[in-house]
Structures are given as C-alpha cells and as structure tokens.
Amino acid sequence: MLRLWLSLVVGLLAFSGSVHAIGQATAISFEQSSSSFPIVSNDIATPILLSEDEWGGVQRAAGDFAMDIHRVSGVMPLLFNVTTPATQSNLSLVGARAIIVGTLGQSSLIDEVVNNTGIDVSSVEGHWEAFLTKEVSNPLPGISSAYVMIGADKRGTIYAMYDHSEQIGVSPWYWWADVPPKANPEIYAASAGCAHGSPTVQYRGIFLNDEAPALTDWAMVRFTNGTGAPLTGSPFNHYFYASLFELLLRMKANYLWPAMWSSAFGVDDTLNQPLANWYGIVMGTSHEEPIMRSIPVEWTLFGDGPWDYSTNKANIYPFWVEGAERAKPYENIFTVGLRGDGDAAIAGGQNIQLLEQVISDQRTILSDTFPGVNVTTIPQMWCLYKEVLGYYEDGMTVPDDIALLWTDDNYGNMERLPVVSERNRSGGAGVYYHYDYVGSPRNYKWIMSSQLSKTYEQMSLTTARNATRIWIVNVGDLKPYEMETEFFITYGWDTSIWNYDNLDTFVTQWAQREFSLSSEDADTVAGIIANVTRFNANCKPELLNATTFSLTSYREAQNMLAMWEATNASATAIQAKLPESMVPAYFELVYHPVQASYTLAHMWIATGLNNLRASQAFLSANDYADLVEYLFEEDWNLEVQYDSQLDGKWVHMMSQTHTLYEYWQEPYSNAMPPVSRQQPYKQALAGPMRLAVEGSQGAWPGDNQYNCAQGYGCPNPTVTIDPYVPEGNRYFVVGAGGPAPFNWTATTNVSWLALSPSSGYVSPSASEQFVYATVDWSQLEDTPSVTAFIDFNATAANQPMMSQQVYFVANYTAAPSNFTGFVEGDGVVSMEAAHSARNTSVNGITWTELPGYGRTLSAVTPWPRGGDELNFTVGTGPSIGYDFYTFNSINGNISVTAYVAPSLNSLGPDRPLAIGMQIDSDEPQVSYYIPNSTPGTLPDAWSQWVSENIVYVPMNFRASPGAHSLTVWMIEPTVILQKIVIDTGGLLPSYLGPPESIRV
Ligand SMILES: *[C@@H]1O[C@H](CO)[C@@H](O)[C@H](O)[C@H]1NC(C)=O
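Counting with mature numbering (1 follows the signal peptide of the UniProt record, and there is no 0), you get residues -21 to -1, 1 to 979 for the letters of the sequence shown.
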C-alpha cells in the first residue's frame, strides 16, 4: 500500500480551531493567505471545470461538491464541461481562475492540463483510489491559475471532492444525521493542496442487515408510496440507495452488501444495480448469496426445486448464470461458495467435495459470462462463515485469486485470521465484522453497543495479519451506529493514522465536526460516548435482566446507576449549550443513545430492586414498581421523540423492540419486565419496620429464606467491615412494612461507630431510608476484631415499640507502612490491569495499556504484536507485575482470576491463546483458556463469554497472609487482560467483579 503522504497526514493531525475533517490532511482555510487559492472570495465562487468524457459518477459528485460550496458560503459555483482541446473561446465564461476536476486517463481535460503544466502525477497514476490536489499556473488558455483535483480513477476523483467537502464544513452525515453545514462566507484551499495514496483496505463497506423493522419501515415511508416493490414488497429502491451511495462515498467507503431480509437488490428496482455502478459503488452480496443474487428471496421467487446443489444443479446453475449476466456491466465482487437456505449449513452431505464442485462451476459461469477476461482478474470472495470455516480448516481450498473473507464470531471477536502461510494469496483476505447481529446467544440490533477501542484492536490485528483486501461491517439498520460505522471505514481508509492512544481524538474531532463544539466540550462528548458504549458493551441492552448487576454485593447496581446518571447529566449539559440547529444531530448521535440506554438500564435495576424489596416485605417495592412503569413509558416517549423530530423524518427508525427478551430472538412487542406489588393496606407480619443490611438479600425481623441457611428462626444479622473496604462504610435500609408511619432511631453501644442518619421518619410516601455506618479506626488499632450492637427502634402510633438488633463486626487490619501496592479489603484484592508496579519488555514487546478498552477501566496487551511466530514459554516473555498484601487465605491458598477479553484463537487451532501467572518466585502456571473446538464451531463456554464480554482465567496458588507479587507472563500475542481479582475468602458474586482495592 502506498504511504506517500503519511508524514504529511500525521503532521497535520494536531488540529487547532474549528475541526471539520477527521484525521486527514487539511487544505482548506477560511481566510486568505499568500499561499492560498480562493474557492469562494468576495461573494464570487471559482468555477469548476470538468470534461464531457469524465465518468458519470464524477460528474454527479461534482454537482454535490458545487452544492456543498453553496451550502457553506451561500454562493453557487458554476460547473462547466470544457471541450478539448480547450481554447480561449470555449473558456470565455470562466475567467482567470478555475477549479479543474478530472480522472487520469478518463478526462481529456485533465490530460490536457497535465500536459500543459507538467504537473507530476506519478504519485497517483495507477494507484487505486489515490488523488492529489494543488494549485497550478497557466493550465489552459486564458486561465492563469487553477486548483486541480486529480484522481487516479473514478473514486479517487470522487474522494478528492468529498474530502474537500468535509473540510469546508459539510459532514458526510449532513442528511443522514442532520448535521448542519458550517457557514463560512470565504473558502480557500492551500496552494499546496492535499493528497492521499491508495487506502490501506481496498474494499471498505457496510452490510445493511436484519433491517426490519426499523430501516425497512422507515424507508417504506420515506422512499415509497407505501407499497414497496411489486415482487418483494421491499422499500429499498433506487431513491433509497442513491441517498445511501452518496453517504458511503462521502465516508470514502466503496463497497456494499445490500439489504436482503426480504429484498433483492437486482429485482426490487432495476435501477439499483446500474445506479450503484454509476455512483461508483462496488456491489457485493452477503456471504450466503452467491453470484450476485439475493438468497433466499430470489430463489423463492424464481428458483425451481430445492436449494440443494447435490440434487438440483440443473436449476441452480442457470439461476447463477442469470445473476452473473445481470451484474456483468457493473463493478462487483462476486461471492462464491454456497450455504443452505436461510443462512444455514449447506444441504446435500459430502460437503467439501460438493462445495469444491460448486466453486468450480461458479468459476465456469464467470468465465462464460466474461469471455476473453481472465477469470482470475474478476474480483471474487469466499466467506469463511460458521461451518464453512470448518471446511477450510478440514483442508478445502479455493483458487488463489479468490479473496478469503474471515469472520468474527458475530460478537466482534475475529475467529481466525490469515497465518503466515496464508498471507501471500493473490486474492488476499478480508474481514466480515459485526456491529449488529441476529442470533444466539442474543440479538443485538437496537442501539450502539460496540467500543471503538475494541474495533480498533481487532481491526488493527486484521491489518497486521494482512487481511486488508475487503472490510465489511454489518451495521443493521445503519442509523444508531453512525460514528462507529464511520470509524470502521475511516480506519480502513488509512490504518496508519490511528493508534490505541489516539482513538479519543477520532471522537473529539467527530464531535467538533458534527456539533461545532469547543475542544473542552468535545472531550466531554468523547467521555459520554466512551461511557455509553462501555456500559452497553458490558452487557448488551438486549441481555440485561433484573439481576445482571448485583443488588447486594459491592453496591454494583447503585454504582452502575450513578455512572449512568452522571453520563446522562453530561449529555444533558452539552445539549443545553447547543444552538437549535445542532439539536437534531446531537439528539440522534449522542443524546438519544444515552437517554434510551440509561432509561432501559435504570428500568432493569429498578425491576431488580422491586423484586428484592417485595421478597423482603418492604412497601417500597411499590415505589420501584411505579418507577419501572414510569421508565417503561419513558422508553416509549423517547421512541416517539425520535420518530417525531424534524416532521417525522426518521419515523420508525427507533422501532426495534428491546425491553424484555426471552431468548435469542427479538421479542415481538416491547413488554414491561415483571414487577411485584405489596398490598399497601396491610402491615407485614413482623410489624411496621423492615430492616435490610448491605450484602444480604434477607430482611429482618422475622423469617426470610436468605436470613440464614435454615430460613427460619435465624439469628440477628451480622455485618462486617475492615479498613480497606473500598466503599468505606456499610449501609442498612430502614423501610415501611405497611401503611403505618413510624419514627425510628439507630443507636450503638460503642464510641467508634457512627451512624448517619441515626434517626428518621418512614411512611408510605417516604418508604425507605438508607443508614450508613462508619468506623473510627484510630480507636481500634489495638483490637483486631471487635463486635458492636446497633439497635434499630421504631415507634408507630398505637403499636408497641419494635426493635431489631444488628451485630456489627469491625476487623482491624493494616498493611505495613513500608508496603506499596494493593491491600486486601472485604476478603479480596481487585486490581485494574493497567495499575501495575512493574513492566518488563522482551524483544521490544511490552504489556501496553489500551485506554478505554473493556468493562471497567482499560486493558493491557503485548504490543506491538510482533511477528506471529513470536510466542514464549512461561517466564521468558514480556511480563507485567503487581504488588498486593493479604490478611487472609483459603486454607493457605489464594485464587487468582485474570479477567481477559473474549478474543478467540485467531492464529489457528495450533496456537491457542494462553496466559501465565506467577505468585512471588513460586512455579508459574499457564492457562490455555480458549479451548479448541471442532473447526467451524465455537467453544461451549463461548455464549457466556460474549454475553458477559469477559473470560475468567482462574488459578490457585499457595500464599499465606502478607506481601506478595503477581507476575503475568506473555505466552501468546493478542491476550487482553483487563483486571485481576484475588479471592482470599471473601469474594461475592457480581457482574463486573469487586471494585478496585485500595492502593497504598
Ligand atoms: C457534462 O457532460 C456530461 C456528458 O455529456 C453530462 O452528463 C453532464 O451533465 C455535463 N455537465 C455539465 C455541468 O454540463
């Protein structure tokens, strides 16, 4: 790949002032300088010249470019075809200056300009999609100066113009996300221009998939008279696609797999295929749709007999011939191979032999369709999806010129990538990736739930392994994934620009481009996006349930809610600052995703609290039930708000159901999670006051199955605390057990325990109150363990005083003053992987932080990835070390669990991922934690890993209380370590693991 302008691009990445373009060399300014060329100056727009023989797609995009100049400046440049050879007379309307646009070898005008000026085009000529722009003198008779925009090919020229459009202030999303163009009366281009070589990834595209209900119903309203295509009912006609093609080209994408659920691109609208080609979009079909025909839609309409090549070749073969003939005039990548009907495994047994025959026949069809063309030069792709990967691993081969499309596991983890011996195929390799998915363990198709840091990490791996011929990402309905989609394409456009430590600048530049924010506010938006995608990636919204986050351990649910509240507050504060013109874009791209995700997460946590309080005989269960109902309504209100903005421009776009999944498939309606209600008239059996304690699902006084193992006649509750409990205190909940209001007090028999508040009033309208207990440890330094009593007394009118006693145990512990590191609290040590004490490189490879990656803070991974040959036996590779101090053990043992990302064995079955861990100087242990499975299938535990977005790698070590070190050893590359949890006997169940321990 050409990297001619790398240094220029990187040098210009530090933007100042207003940002209009993301990660690219900018040529545009809005003030004149001695080295600039006027595009619009003094209300005059410089005319744009084209050649009549230019590509239609370039002619069309030039119209957009002229319109973009008008959108920004209010002045419309003239657009001319110049007949060559150009003369003074056919240029008489032009004046002394012009913008001249053209494609090498296709524009007789640009050939003439190159000839007249001697401009050096060697850097772009023959380089796929490359372009250059610059000011030249005397290019044509009577024109003293021109800004030339020269593309190596059709899309090179188109990208040159759209690149400038973005720089002058027209977002690729100006229509698709309502981003207002940034007004500027004057526009100048640097005389030196700008340039880009061939993109890193040759074909960069998206797949519209699982596109009902949202995209389908929206497009039906927006682009049809309400009926859709005659044969399929599809709304995806050429009006829809024209709009999409423009967006793709503005993002510098070039490749599309069209909607195919109940659509057939070539049938729904016969203008679809020619229009794509005219725009400059390379069409493909998905992994399961060979030879440019929509499967199963077209087969159902036009096929005869079963979709089984072993018995029905007589009908399937001519069906493909038609597909090839129909696509012949256009630019395509032909999908080869075969899957069964409905995206299932191939029918007909004897699969490898049959599939080899299929591909051989498909090659014959292509040869016959393109007589005189060497079939190896026709772009073809074979997708190694699910069982097809198994055939490949079992030894099936295809001709070398067919690109192999490797796939992720549908959850963003590449299953396999080319190993060294697979990297020199002439057809190259590519990747099929997912931001949206329908299938087991659960669909995710409602709202953004993929982290940029993970996309970067996986796609940079893809780049390192040379799978850069094709990148395609499943974007579902497209609409809620705008920024992630643009990142995927932008990264493929030039992977050299982006790195693990500058991803945030992608988001800040994006926020500045879309909303004209200050850099400070753009940072805030980057934080908001990082949070919302982190929270939604931790547990896809579709997978949330009432007990996802622990309601009793580590205040996990409360903390989750507090983080959501803070994120929502930031998003609201930014919205309040925006001019009205920015509000729709901000709503669609930031505010709605935050509000909607927060509302859903809140609803689930409130449901959990409702269920818990109901089981505890707290009247407050009813308040949580009310809250759930309110949030359920709110969820609908947000959908309505999205639907009704801009006079219904996006009606139905947020109609995806999402509130209560029962299994992998989407629910057919939004339903409220089940809640319980207490009879509000009747007092709980044990009296007016209920008491719950932190860490327990039980409730006192009286019986509850969680109060003790026996479930009845249990002792009073015991609560323990030590100085290194991260929360710093413990709480109790005093609640109403019925309609009777009461006054309560909490008293203790010791001076070292403080209760806040220590009295209060509980009633049906203020139905529960949290009480926090804090210890003055300075009074306990000489007493390792001491128990206090807390008495909760309640007085309700006309009832005897009731009371409940609690044992409160304070365990004094102290790490020696000369110790630095993490200290056990609450029976665990929890450490963020990035918070290491030591880090030792080997062969230039270092455990390096990937900021923002994963579930809690970040992750570390061996970086750079180095040659794939590079792996280590335990104890010889790069290591990262941690210091911790324990007070307890489990019979002399500790259990150390590494929390790692659910990456898969992408180096193939003979190189499974592995990690080594060692305590002090004891024998290190190694875990090959991703077991190999039958090729083409995933390990049994995979569902759980991707649902929880984590893999737990536990090891047991002998370690008596005291100071210890943990060393994590690199064995294999691409292991992504997020967090380490050491259980010394107190580990409680939770979703994200215990909060980070105190560091001294
Ligand atoms: C230039 O010529 C082409 C080909 O005839 C035509 O399609 C296009 O509309 C013309 N452009 C202008 C600006 O006249």
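Cβ atoms here follow ideal geometry from the backbone N, Cα and C, with glycine treated the same way.
Alpha carbon of R492 to alpha carbon of A171, nearest angstrom:
Looking up residue 492 in the sequence shown gives position 513. Looking up residue 171 in the sequence shown gives position 192. Whole-angstrom Cα-Cα distance: 23 Å.
Let me check you understand the geometry: is the CB of F44 closer than 7 Å to at least one non-hydrogen atom of ligand 1?
Reading the sequence shown from its first residue, position 65 is the one you call residue 44. Relative to the non-hydrogen atoms of ligand 1, the Cβ of F44 never comes closer than 7 Å to any of them.
Please confirm whether any heavy atom of ligand 1 lies closer than 7 Å to the CB of Q38.
In the sequence shown, counting from the first residue as 1, residue 38 sits at position 59. True, at least one ligand heavy atom lies under 7 Å from that Cβ.
By the 10 Å Cβ neighbour count, where 16 or more other Cβ atoms means buried, how is A650 classified, buried or exposed?
Against the sequence shown, residue 650 aligns to sequence position 671. Exposed is the call here.
Using a threshold of 8 Å, state whether the C-beta atoms of Y167 and F9 are closer than that.
Within the sequence shown, the letter at position 188 stands for residue 167. Within the sequence shown, the letter at position 30 stands for residue 9. Yes, the pair counts as a contact, with Cβ atoms nearer than the cut-off.
Among A(-1), V573, L598 and W615, the one whose alpha carbon lies nearest that of R656
On the sequence shown, residue 656 is found 677 positions in, with the first residue counted as 1. The shortest C-alpha to C-alpha distance from R656 to any of A(-1), V573, L598 and W615 is the one to L598.
Please classify Y703: is it buried, with 16 or more other beta-carbons within 10 angstroms of its beta-carbon, or exposed?
Taking the first residue of the sequence shown as position 1, residue 703 is located at position 724. Buried.
Going by other Cβ atoms of all chains shown within 10 Å of its Cβ, with 16 needed for buried, is W197 buried or exposed?
As a first step, residue 197 must be located in the sequence shown, where it is residue number 218. Under this definition W197 is a buried residue.
Cβ pair N515, N188 closer than 8 Å:
Along the sequence shown, read from residue 1 onward, the residue named residue 515 stands at position 536. Along the sequence shown, read from residue 1 onward, the residue named residue 188 stands at position 209. No; because the gap between Cβ atoms is not below 8 Å, this pair is not in contact.
Tell me the DSSP bridge mates of K556?
The residue labelled residue 556 in the question sits at position 577 within the sequence shown. K556 has no beta-bridge partner at all, per DSSP.
Return the residue from the list P151, S242 and A174 that minimises the CA-CA distance to T195.
Here the question's residue 195 lines up with position 216 in the sequence shown. T195 has its Cα closest to that of S242, out of P151, S242 and A174.
Could you tell me which of M140, G800, I122 and I824 sits nearest to A45, measuring between CA atoms?
By 1-based counting over the sequence shown, the position of residue 45 is 66. When each option's Cα is compared against that of A45, the closest is M140.
Nearest-angstrom Cα separation, counted from N510 out to S944:
Locating residue 944 in the sequence shown gives position 965, counting from the first residue. Locating residue 510 in the sequence shown gives position 531, counting from the first residue. Using only the alpha carbons, I get a separation of about 32 Å.
Would you say the beta carbon of L29 comes nearer than 7 Å to a heavy atom of ligand 1?
One-based indexing of the sequence shown puts residue 29 at position 50. Under cutoff, so the answer is yes.
What do you get for W615, buried or exposed, if any count of 16 or more other CB atoms within 10 angstroms of its CB means buried?
In the sequence shown, residue 615 corresponds to position 636, counting from 1. Looking at its Cβ environment, which holds fewer than 16 other Cβ atoms inside 10 Å, W615 is exposed.
Check: N256 C-beta below 7 Å from any heavy atom of ligand 1
In the sequence shown, the residue the question calls residue 256 occupies position 277. Ligand 1 never approaches N256 closely enough for any of its heavy atoms to be under 7 Å from the residue's Cβ.
If you measure from the CB of F528, is any heavy atom of ligand 1 nearer than 7 Å?
By one-based count along the sequence shown, residue 528 stands at place 549. Checking every heavy atom of ligand 1 against the Cβ of F528, none is found closer than 7 Å.
Nearest-angstrom Cα distance between P696 and N797?
Reading the sequence shown from its first residue, position 717 is the one you call residue 696. Reading the sequence shown from its first residue, position 818 is the one you call residue 797. Each residue's Cα considered, the two are about 37 Å apart.
So, for I78: in the same chain, excluding its five sequence neighbours on each side, which residues have a beta-carbon less than 6 Å away from its beta-carbon?
As a first step, residue 78 is located in the sequence shown; it is residue number 99 there, counting from the start. Counting only residues of its own chain and dropping the five nearest sequence neighbours on each side, I78 has a CB closer than 6 Å to the CB of T25, I27 and Y126.
By how many angstroms is the C-alpha of P857 removed from the C-alpha of I950?
Locating residue 950 in the sequence shown gives position 971, where the first residue counts as 1. Locating residue 857 in the sequence shown gives position 878, where the first residue counts as 1. Roughly 8 Å between the two C-alpha positions.
Do you know whose CA, among S737, T699, R669 and W842, lies nearest S782's CA?
Walking along the sequence shown from the start, residue 782 turns up at place 803. That would be R669, whose Cα lies nearest to the Cα of S782.
Give me whichever residues DSSP pairs with A593 in a beta bridge.
Along the sequence shown, one-based indexing puts residue 593 at 614. For A593, DSSP records no beta bridge to any residue.
Whether L523 touches L579 by CB criterion (8 Å)
On the sequence shown, position 544 is the one that residue 523 refers to. On the sequence shown, position 600 is the one that residue 579 refers to. A contact, by the Cβ cut-off of 8 Å.
Outcome for S400 when other beta-carbon atoms lying within 10 angstroms are tallied against a minimum of 16:
Position 421 of the sequence shown, counted from the first residue, corresponds to residue 400. Looking at its Cβ environment, which holds fewer than 16 other Cβ atoms inside 10 Å, S400 is exposed.
Between the Cα of A752 and those of E673, S746 and G823, spot the shortest distance and give me the residue it belongs to.
Residue mapping note: residue 752 aligns to position 773 of the sequence shown, counting from 1. When C-alpha distances from A752 are compared across E673, S746 and G823, the shortest belongs to E673.
Among residues of its own chain, excluding the 5 on either side of L610, which ones have a beta-carbon nearer than 6 Å to its beta-carbon?
As a first step, residue 610 must be located in the sequence shown, where it is residue number 631. Excluding residues within five positions, the ones whose Cβ falls inside 6 Å are T578, H581 and M582.
If you pair each beta-carbon of the segment 765 to 777 with each one of the segment 810 to 828, do three or more pairs fall below 8 Å?
Cβ pair count under 8 Å is below three, so no.
What residue range does the beta strand (DSSP E) around Y167 cover?
Position 188 of the sequence shown, counted from the start, is the residue given in the question as residue 167. Run containing Y167: I166 to A169, per the beta strand (DSSP E) assignment.
Helix, strand or coil at L(-20) [DSSP, three-state]
Against the sequence shown, residue -20 aligns to sequence position 2. For L(-20), the predicted structure reports a pLDDT of 36, less than 50, and the residue's modelled location is therefore unreliable. A value from the coordinates is still provided. If DSSP states are grouped into helix, strand and coil, L(-20) belongs with coil.
Between L227 and ligand 1, is there a pair consisting of the residue's CB and a ligand heavy atom that are separated by less than 7 Å?
Reading the sequence shown from its first residue, position 248 is the one you call residue 227. For ligand 1, not one heavy atom lies less than 7 Å from the Cβ of L227.
Along the chain, where does the beta strand (DSSP E) containing D770 start, and where does it finish?
Indexing the sequence shown from 1 puts residue 770 at position 791. Note, D770: beta strand (DSSP E), S764 to A775.
First through last residue of the beta strand (DSSP E) which encompasses H106
Residue numbering aside, residue 106 sits at position 127 when the sequence shown is read from its first letter. Where H106 is concerned, there is no enclosing beta strand (DSSP E), because DSSP gives it neither an H nor an E.
Spatial neighbours of P520 in its chain, beta-carbon cut-off 7 Å, leaving aside the 5 residues before and after
Stepping through the sequence shown from its first residue, residue 520 is reached at position 541. So the qualifying residues of the chain are W425, I426, S428, S576, L579 and H637.
Consider the C-beta atom of N60 and the heavy atoms of ligand 1; say whether any pair is separated by less than 7 Å.
Taking the first residue of the sequence shown as 1, we reach residue 60 at position 81. At least one heavy atom of ligand 1 is found less than 7 Å from the C-beta of N60.
Cα-Cα separation between residue 991 and D340, rounded to whole angstroms
The question about residue 991 has no answer, for the chain in this structure spans -21 to 979.
Let me know the alpha helix (DSSP H) ranges lying completely inside the segment 65 to 153, each 4 residues or longer, listed in chain order.
Within the segment 65 to 153, the complete alpha helix (DSSP H) runs of at least 4 residues are 87 to 96 and 133 to 147.
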